[in-house]
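In the numbering used here, the protein residues as written are 4 to 127.
What follows is the structure, given as structure tokens:
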């Protein structure tokens, strides 16, 4: 007994459907490639602008006997040493800039967020 091999062919409608699906897949792959390359392009632009913005700014002390405060207000509690005396930064001392309000710069002093008056300081 011999078995005949038959070649299976798809009906014409199925072939058209496969071509249609193949075309959709091809369009999606091309679209994804374009999207991926475009987003990489924008990532490079963003990272370049971020690197400029990442330059750390410093608040420089211009005056003497300046007090560092816990809040941006002239009557706010001041930063004190363990013995209870006020600690005054030296003229020319620098602190990392963290932001600002109307009259005060927000700084980082050894991991503590403090505020210093803008009158006797500048940003470098």
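Cβ coordinates follow ideal geometry from the N, Cα and C atoms, glycine included.
In this structure, residue 82 lies away from residue 37, with their beta-carbon atoms at least 8 Å apart.
Excluding five sequence positions before and after residue 97, the CB atoms of its chain that fall closer than 6 Å to its own CB belong to 61, 63, given in chain order. In the structure shown, residue 87 adopts coil according to DSSP, grouped into three states. For the pair of segments examined, the segment 98-112 was found to touch the segment 63-78: the number of CB pairs separated by less than 8 Å reaches three. In this structure residue 111 is in contact with residue 101, their Cβ atoms being roughly 5 Å apart against a cut-off of 8 Å.
For residue 103, the enclosing beta strand (DSSP E) covers residues 97-103.
Pairing residue 21 with residue 39, the inter-Cα distance amounts to about 27 Å. For residue 89, the CB contacts under 8 Å within the same chain, skipping 5 residues up- and downstream, are 70, 81, 82, 83 in chain order.
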